[in-house]
Amino acid sequence: MAKKENQVAKYDVDQLDPKQFILVKGARVNNLKNLSVAIPRNKLVVITGLSGSGKSSLAFDTLFAEGQRKYVESLSSYARQFLGRMEKPEVDYIKGISPAVAIEQKVNTRNPRSTVGTSTEIYDYIKLLFARIGQTISPISGEPVRRDTVTSVVNAINGQSEDLKFMIATPLTLHDGRNLEDELNILLSKGFTRVLVKGEVEAIEDLDTKKTKLEEIEILIDRLSVKKDDEDANFRLADSVQTAFFEGNGYCHIHFRDQEVIKYSDKFELDGITFEEPSINLFSFNNPYGACRRCEGFGKVLGIDPDLVISDRNLSVFDNAIVPWRSEAMKKWLKPLLDMAHKIDFPIHRPVKDLSEEQYEMLWEGKGDFEGINAFFSFIESQLHKIQYRVMLSRYRGKTTCPDCKGTRLRKDANYVKIGGKSISELVLMPLGSSYTFFENLELSAYETEVSKRILLEIKNRLGYMMEVGLGYLTLNRLTSTLSGGEYQRIKLATSLGSALVGSMYILDEPSIGLHPRDTARLGNVLSTLKNLGNTVVVVEHEEEVMRRADQIIDIGPAAGIHGGELVFQGNWEDIMKEEKSITARFLNGKEKIPVPSSRRPWTHSIDIFGARENNLQNLDVKIPLGVLTVVTGVSGSGKSTLIRKILYPALGKMFGVTGEETGKFSGLDGDYNLIQKLEMIDQNPLGRSSRSNPVTYVKAYDAIRTLFAELPLAKQRGLKPAHFSFNVEGGRCETCQGEGEVKIEMQFMADLHLTCDECKGKRFKEEVLAIEYKDKNIADILDLSIEESLEFFEDQKPIYAKLKPLSDVGLGYVKLGQSSNSLSGGEAQRVKLASFLGRGQAAQKEKILFIFDEPTTGLHFKDIEKLLASINALVDQGSTAVIIEHNMEIIKSSDWIIDLGPEGGDGGGTICFEGTPEEMIKLEGNYTADYLKEKLL
1 MAKKENQVAK YDVDQLDPKQ FILVKGARVN NLKNLSVAIP RNKLVVITGL
51 SGSGKSSLAF DTLFAEGQRK YVESLSSYAR QFLGRMEKPE VDYIKGISPA
101 VAIEQKVNTR NPRSTVGTST EIYDYIKLLF ARIGQTISPI SGEPVRRDTV
151 TSVVNAINGQ SEDLKFMIAT PLTLHDGRNL EDELNILLSK GFTRVLVKGE
201 VEAIEDLDTK KTKLEEIEIL IDRLSVKKDD EDANFRLADS VQTAFFEGNG
251 YCHIHFRDQE VIKYSDKFEL DGITFEEPSI NLFSFNNPYG ACRRCEGFGK
301 VLGIDPDLVI SDRNLSVFDN AIVPWRSEAM KKWLKPLLDM AHKIDFPIHR
351 PVKDLSEEQY EMLWEGKGDF EGINAFFSFI ESQLHKIQYR VMLSRYRGKT
401 TCPDCKGTRL RKDANYVKIG GKSISELVLM PLGSSYTFFE NLELSAYETE
451 VSKRILLEIK NRLGYMMEVG LGYLTLNRLT STLSGGEYQR IKLATSLGSA
501 LVGSMYILDE PSIGLHPRDT ARLGNVLSTL KNLGNTVVVV EHEEEVMRRA
551 DQIIDIGPAA GIHGGELVFQ GNWEDIMKEE KSITARFLNG KEKIPVPSSR
601 RPWTHSIDIF GARENNLQNL DVKIPLGVLT VVTGVSGSGK STLIRKILYP
651 ALGKMFGVTG EETGKFSGLD GDYNLIQKLE MIDQNPLGRS SRSNPVTYVK
701 AYDAIRTLFA ELPLAKQRGL KPAHFSFNVE GGRCETCQGE GEVKIEMQFM
751 ADLHLTCDEC KGKRFKEEVL AIEYKDKNIA DILDLSIEES LEFFEDQKPI
801 YAKLKPLSDV GLGYVKLGQS SNSLSGGEAQ RVKLASFLGR GQAAQKEKIL
851 FIFDEPTTGL HFKDIEKLLA SINALVDQGS TAVIIEHNME IIKSSDWIID
901 LGPEGGDGGG TICFEGTPEE MIKLEGNYTA DYLKEKLL
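The sequence shown begins at 1 in UniProt numbering and counts up by one.
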């Protein structure tokens, strides 16, 4: 049946029922070659193939674009005028399409206020929960803060013995401009005749105001006895209590005979503190009412960065560890500590990394005659009218965690409100797995249960889905902008599950990115859940485990770019294992393999990290070998990125002056880092902020191309210089679109529209520049070439060829020279950065560079991983060092050294499970990474 379906789907879409299939006929978007395919509805379908083969063109530019266009067409003409006209994909027809939801890899927000909690809406529900059932606890006595009401006071009185006599009174307060005598006369005019003085009744007219102090006087409101079932008596009691609250500015005192006075207040206060009542705004850091006053809800402030003040923790105080005190003028601040060190037992010769917390704290806070680093910077700040002090202060400033809210972004008193003994800040700093356990085991009163039933259901559902997609290690306070593309995509996937849409088409772009193979199985369950709700799930994916779970696999190829765009295979897992022609199939069924290195590079030098304890790292000491290929691995959330991106990179980066990022908590750095001349982070961030940034400019090949065009006879005749062939500066570029090739129309509350420029028709340059041709191609035609085509075109131009060749070597032969960097995926951007280093040739060989790669296999097919490994090994063979954060087993098996963190994610991780070679690792039992690595090595 599968084979027959494959044949029909492959060739005869005209004969199939659009109720059962999404039928695509003659798709010609980008490099698709008149592709016809039938995608079964309400199934899990994986589209695979080499990078650049046309997978995304089919999934996003054809299926999703048409799904969106159809949805817009279904709206009223009034609504459509705000959306603009959406272009129809270049295709003969698409039938049977559903409303489409695209979940891509890109982290679309750089908003410094956006967190995991806000983007999943979990935080909104938690805010509501705290506003409705949160109990405010006094930080002084630890007692709950309550506001008394007339009803609660009446109920308390009626809880006493029947017929028990009592008096209702309230403190006398003076209003502005009145003395005691004036206040008593006004009371008489209101109808009050008696007061209590030290608890004794006295007539106002008999009171001696000269002998009586104000604080001894209470206004006597009423004298009553407890009558529980007397309606009239209770009405009078309630009226008197209300009068007491009014006259006493919110206070009511009940005097029972022979008992202590019971004091009530309708103010929200306790222990002399007036508290804010819980409300949604109190817990919102995006609202001025709830945001921390100091950092305004950002969690970070510009302060003194300890890593810049003490840049090398291997030095002792005596050896000038404190950088600003190294000059002769500033040594006077250190001298008192050196003089009194023996008296206070301070080890001035001990490295800073080995100081106890108390000793380190003393360096900053001071003791006795030694004023400390903080006092020094306070002095500097008081001298900012002098330029030398302003310059000095700027050297040591950096973004630091806000000291008031400790990075939780909320005003301090929001944390007095507790549920189950936890404040909202404690909850947002917990890993999601721990938060889920907390809400599962939360014990509430009957009233609280009734109020919170619906809210808790939403919180637990959403947290449950986050656990399902393997993100239980994140915290709600984690900034969205710090997530990887894969994490952000899985957050959106979990949010989609929470919305429980049915009858839709979900299109996902490699949701397995950033997942350890152990967690990929759980992702498969989530995708199946989405399908079982009644949705068509189309996944662009290279991960074997996801393909195994698919109802159908569609392989686009056979190769990339102009050599792709065809349907190579369609069928299920059993069918693909028998397939011969498809490159994907050959890797899956073992006909082709990435070879295991014949030997592992030895190493003698390393960078040593001590006491790493940021996030979930548990005081790690670890050696990072130099001159070899090291892979840092472990399950998702085990601490890999924290160790490398939050500690190693910023700590070294500050020494090399390449970053001012805040360094995570660690004791010190040691080893042979002086052997490193340069530090490079090759991550998945966009290449440049400008939409005009593209691969050919990034690898510096465009300079040579512009020079070539400027040297042509016609260009010289017209006086055109290399600058005229640049779309970044005025001169030769089209000024209507400023070299963009398109014009942006701002749509106010809708996404902006990008339309092809009418002036240059998308060619970016003026007519006189476009008239200059080299081998029958003008500069716009050159930018439209793929890397692969350009290598053939510039074969005789060695400088240009040498710069472009590395782009092909890292598997980007299908990318166009002038393609905007904004349109590149995170993985593609990362490989362009790698190519720029490969293109340096001899210059790079002379430098000893430490390269840090963050999941470079993102978006890569097996065949492309082979190319990537060759490129990275070329860098290492030149004398550089590569440290790769990775889950991909092909990279792990090809490494020289493995550092495995775990054993679990979040609180269950942060320890070193293994350090050594791949051959040593597969001897381990019960290690998740070792279990999957065995399949590749044995």
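Don't be surprised by glycine CBs; every beta carbon is placed ideally from N, CA and C.
Worksheet item: Terminal residues of the continuous alpha helix (DSSP H) containing leucine 770?
Response: In the DSSP assignment, leucine 770 falls within the alpha helix (DSSP H) that extends over 767 to 770.
Practice prompt. Reducing DSSP to helix, strand and coil, say where leucine 164 ends up.
Written response: Look at leucine 164 here: in three-state DSSP terms it is coil, with no helix or strand label.
Discussion item. Could you give the first and the last residue of the continuous beta strand (DSSP E) run that contains lysine 418?
Written reply: For lysine 418, the enclosing beta strand (DSSP E) stretches over residues 417 to 419.
Discussion item. When you compare the CB positions of arginine 146 and aspartate 266, do they come within less than 8 Å of one another, or not?
Written reply: Their beta carbons are not under 8 Å apart, which means arginine 146 does not touch aspartate 266 by this criterion.
Item to complete: Kindly confirm or deny that the stretch 792 to 804 and the stretch 533 to 552 touch, where touching means at least three C-beta pairs closer than 8 Å.
Response: Contact between the stretch 792 to 804 and the stretch 533 to 552 is absent, because fewer than three Cβ pairs lie under 8 Å.
Worksheet item: Does the count of Cβ pairs from the stretch 875 to 893 and the stretch 511 to 524 closer than 8 Å reach three?
Response: Contact between the stretch 875 to 893 and the stretch 511 to 524 is present, because at least three Cβ pairs lie under 8 Å.
Worksheet item: In three-state terms, what does DSSP make of glutamate 711?
Response: The answer is coil: DSSP assigns glutamate 711 none of H, G, I, E or B.
Discussion item. Based on DSSP bridge pairs, tell me the residues matched to aspartate 230.
Written reply: The partner list for aspartate 230 (beta bridge, DSSP) is empty, contrary to what the question assumes.
Worksheet item: Just the Cα atoms here: how many angstroms apart are tyrosine 928 and glycine 910?
Response: Looking at the two C-alpha atoms, the distance is approximately 15 Å.
Worksheet entry | Backbone CA spacing between isoleucine 304 and aspartate 683 [nearest angstrom] | Those two C-alpha atoms are separated by around 27 Å.
Practice prompt. Go ahead and pull the three-state DSSP assignment for valine 451.
Written response: In the three-state DSSP reduction, valine 451 falls in the helix class (H, G or I).
Worksheet item: Just how far apart, CA to CA, sit threonine 475 and leucine 432?
Response: Spanning the two alpha carbons is a distance of roughly 6 Å.
Fill in: Presumed contact (8 Å Cβ cut-off) between proline 336 and methionine 330, rounded CB distance
Contact doesn't hold; Cβ gap of about 13 Å is too wide.
Worksheet item: Are at least three pairs of beta-carbons, each pair with one atom in the stretch 283 to 298 and one in the stretch 397 to 414, less than 8 Å apart?
Response: Taking 8 Å as the limit for Cβ pairs, the verdict is that the stretch 397 to 414 does touch the stretch 283 to 298.
Worksheet item: By a C-beta neighbour count over all protein chains shown, 10 Å radius and 16 as the cutoff for buried, is residue 939 buried or exposed?
Response: In this structure the chain extends from 1 to 938, so residue 939 is not present and cannot be described.
Worksheet entry | Cutoff 7 Å; reference threonine 243; Cβ partners in own chain excluding five residues on either side | Closer than 7 Å at the Cβ level, and outside the excluded window around threonine 243, lie Ile221.
Worksheet item: By Cβ distance, which residues of its chain are closer than 8 Å to residue 997, with the 5 residues on each side in sequence left out?
Response: This structure gives no information on residue 997, because the portion of the chain shown stretches from 1 to 938.
Worksheet item: Start and end of the alpha helix (DSSP H) containing serine 394?
Response: Where serine 394 is concerned, the enclosing alpha helix (DSSP H) stretches over 387 to 395.
Item to complete: Would you give the residue range spanned by the alpha helix (DSSP H) that glutamine 68 belongs to?
Response: Looking at the DSSP string, the run of the alpha helix (DSSP H) that includes glutamine 68 is 65 to 73.
Worksheet entry | methionine 577 classed as buried or exposed, judged by whether at least 16 other C-beta atoms fall within 10 angstroms | Methionine 577 is exposed by the Cβ-count criterion.
Item to complete: Out of Ser808, Arg831, Thr697, Val428, point me to the one whose CA is closest to phenylalanine 285's CA.
Response: Nearest option by C-alpha distance: Val428.
Worksheet item: According to DSSP, is alanine 552 helix, strand or coil?
Response: According to the sequence as given, residue 552 is glutamine; it is not alanine. Of the three classes helix, strand and coil, the one that applies to glutamine 552 here is strand, per DSSP.
Worksheet item: Is the CB-CB distance between valine 632 and isoleucine 849 below 8 Å?
Response: Not a contact, by the Cβ cut-off of 8 Å.
Practice prompt. Counting only the same chain and skipping the five closest in sequence on each side, list residues whose C-beta sits under 6 Å from that of arginine 601.
Written response: In the same chain as arginine 601, and ignoring 5 residues on each side of it, the C-beta atoms closer than 6 Å to its own belong to Val628, Asp896, in chain order.
Worksheet item: On the premise that glycine 653 lies in contact with arginine 661, defined as a C-beta separation below 8 Å, what is that separation, rounded to the nearest angstrom?
Response: For the record, residue 661 in the displayed sequence is glutamate; it is not arginine. With a Cβ gap of about 7 Å, glutamate 661 and glycine 653 count as contacting.
Practice prompt. Consult DSSP for glycine 926 and reduce its assignment to one of helix, strand or coil.
Written response: In this structure, glycine 926 counts as coil in the three-state DSSP scheme.
Discussion item. So, does the stretch 386 to 396 touch the stretch 368 to 375, judging by three or more C-beta pairs under 8 Å?
Written reply: With the cut-off at 8 Å, the stretch 386 to 396 and the stretch 368 to 375 do not touch.
Fill in: Cβ separation of asparagine 535 and tyrosine 506, assumed to be a contact under 8 Å, to the nearest whole Å
Between tyrosine 506 and asparagine 535 the Cβ distance is about 6 Å, and since that is below 8 Å, they are a contact.
Discussion item. Helix, strand or coil for proline 336? Go by DSSP, reduced to three states.
Written reply: Secondary structure of proline 336 (DSSP, three-state): helix.
Worksheet item: So the beta strand (DSSP E) methionine 38 belongs to, where does it begin and stop?
Response: The amino acid at residue 38 is misidentified as methionine; the sequence shows alanine. Segment 35 to 40, the beta strand (DSSP E) holding alanine 38.
Worksheet item: Between the beta-carbon of leucine 128 and the beta-carbon of isoleucine 594, is there less than 8 Å?
Response: Cβ distance not < 8 Å, so leucine 128 and isoleucine 594 don't count as in contact.
Discussion item. Considering just the uninterrupted stretch of the beta strand (DSSP E) at aspartate 896, what are its terminal residues?
Written reply: In this chain, aspartate 896 is not harboured by any beta strand (DSSP E), its DSSP state being neither H nor E.
Discussion item. In whole angstroms, give me the CA-to-CA distance for leucine 172 and isoleucine 254.
Written reply: The C-alpha of isoleucine 254 is placed about 15 Å away from the C-alpha of leucine 172.
Fill in: Cβ neighbour criterion (16 or more within 10 Å) applied to proline 918
With at least 16 other beta carbons inside 10 angstroms of its own, proline 918 counts as buried.
Item to complete: Hey, could you find the ends of the alpha helix (DSSP H) serine 808 is sitting in?
Response: For serine 808, the uninterrupted alpha helix (DSSP H) segment begins and ends at 798 to 809.
Discussion item. If you reduce the DSSP assignment to three classes, tell me which class phenylalanine 793 lands in.
Written reply: Under the three-state reduction of DSSP, phenylalanine 793 is assigned to helix.
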